[in-house]
Amino acid sequence: MRQLIFFLFIIQSYSLVLAQKTIDTVDTPLGRLLIFENRTWSLMNESSFNGVLNERIHSFVSKNKPAFIQTWNNEVCYTGKNNDLSKLNDTIWLCLNEEESNDFSIPVKGVVTSHYGYRSGRYHNGIDLALKIGDTVYAAFSGKIRYAKYNDGGFGNLVIIRHNNGLETFYAHLSKHLVVPNQDVKSGDPIGLGGITGRSFGPHLHFEVRFYDGPINPEEIIDFTKKTLKKENLFVHKGLFVPGIKPSEFYEVNEEDEKVEKVEKVEPKPNVVKVPEKKIEKVEPKPKPKPVVKVKTEEKKYYTVKSGDSLSEIAARNKTTVSKLCELNGIKPSTKIQIGKSLRIR
Ligand SMILES: [Zn+2]
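The sequence shown lines up with residues 463 to 808 when you count with the working numbering.
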């Protein structure tokens with residue numbers, strides 16, 4: 463019953479959003495621009511909050527054909543699974559930072575260990591930043607916590623913040639959350655501690671910037687060397703998004719895949735746009751090269767360690783052996799396995 467009421471509430475608030483009066487637009491060589499007033503953070507404290515922080519932007523984006531959906535849901539990473547932002551008709555002008563408020567903080571100070579983009583037949587939808595387990599992770603911009611829990615799709619402990627300009631930022635593989643869903647945060651507030659949860663083979667922060675679920679290269683807006691914003695405004699247009707890829711088809715790439723890249727050439731799928739490939743590192747010729755076991759990415763299977771699990775139990779349950787598990791994960795039979803850690807089982 464409660465779900466039904468919630469559903470009706472969503473429908474009602476959504477139709478209210480769609481009924482908003484027309485916003486100001488201006489035609490420019492870049493396309494049609496949306497001009498909106500300075501951010502009104504008071505919106506977030508309204509009792510009638512419906513999950514849309516900037517109704518003008520929302521109204522504008524959802525009127526696009528096809529319409530793009532964004533709802534408020536604390537249980538799922540993506541709230542508009544069918545959104546394909548490469549079909550966005552207009553150019554939307556988003557304010558990233560108002561001069562006076564300086565609303566940006568670098569999430570962690572570590573160096574970039576993996577960039578955004580296409581590799582090994584998959585997309586890396588964010589950027590990886592080095593950290594030590596337990597390092598504090600900070601909110602990049604002010605906003606409201608949409609999601610803060612363990613995600614078994616590979617992100618591990620994940621925090622998602624929705625910002626007033628319609629962007630969302632993702633902070634993955636955390637060891638601990640310091641925030642709860644629906645909480646307001648200011649840029650620079652601690653939101654979690656760095657970790658290695660989910661599909662992560664070393665401590666790092668996987669950081670994403672998304673607009674209506676479509677990932678944007680974080681380096682489009684942030685200079686991770688100078689730890690500053692690159693621009694005050696972002697023009698969101700279809701060129702920022704990979705054509706035909708929907709949120710559910712995006713993948714996290716882990717370090718293991720990157721190692722595989724060095725020895726195994728994967729042909730790009732024909733239906734995806736070719737992004738310039740990273741140069742494959744030269745491998746020093748060895749006198750007797752070990753035979754490389756080719757493992758197709760699709761066949762890999764992972765298991766998230768739960769309380770009370772032992773290696774032998776996990777092995778038995780997944781019809782494999784302890785030594786095979788150790789080999790796949792680079793561990794010893796005596797290694798203590800952490801709860802929440804993702805183990806490769808195939
Ligand atoms: Zn990553």
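All C-beta atoms, glycine included, are put in the ideal place defined by N, C-alpha and C.
Asked, Found
"Cβ-Cβ distance between T553 and F703 below 8 Å", "no"
"Alpha-carbon spacing of K763 relative to V647, whole angstroms", "36 Å"
"S576 beta carbon near ligand 1 (any heavy atom closer than 7 Å)", "yes"
"Delimiting residues of the alpha helix (DSSP H) encompassing F686", "F686 -> no alpha helix (DSSP H), and no H or E assigned at all."
"Identity of the residue in N559, V538, L629 nearest E517 by Cα", "L629"
"Pairwise C-alpha distance: N544 and T575", "30 Å"
"Nearest candidate by alpha-carbon position, reference Y633, set T690, H666, H520", "H666"
"S649 versus I793: straight-line alpha-carbon distance, rounded", "39 Å"
"DSSP state of P705 mapped onto helix, strand, coil", "coil"
"From N559, K708, G701, F663, residue whose alpha carbon lies closest to that of F603", "N559"
"Burial state of N613 (16 or more Cβ within 10 Å)", "buried"
"Alpha carbon of Y578 to alpha carbon of I799, nearest angstrom", "30 Å"
"heavy atom of ligand 1 below 7 Å from D590 C-beta", "yes"
"Proximity of Y765 and Q532 at Cβ, strictly below 8 Å", "no"
"Beta-carbon proximity of G654 to N627, cut-off 8 Å", "no"
"Length of the line joining the Cα atoms of K803 and A778", "18 Å"
"Distance CB(Y600)-CB(P643) smaller than 8 Å", "no"
"Beta-carbon separation (whole angstroms), N526 vs L550, contact threshold 8 Å", "6 Å"
"Chain-order list of residues whose beta-carbon lies under 6 Å from that of L790 (same chain, five-residue window excluded)", "R806"
"Three-way DSSP call (helix, strand, coil) for S774 in this model", "helix"
"Cα-Cα separation, G605 to L773", "41 Å"
"Through-space distance from Y540 to G615, alpha-carbon basis", "12 Å"
"Delimiting residues of the alpha helix (DSSP H) encompassing R518", "517 to 524"
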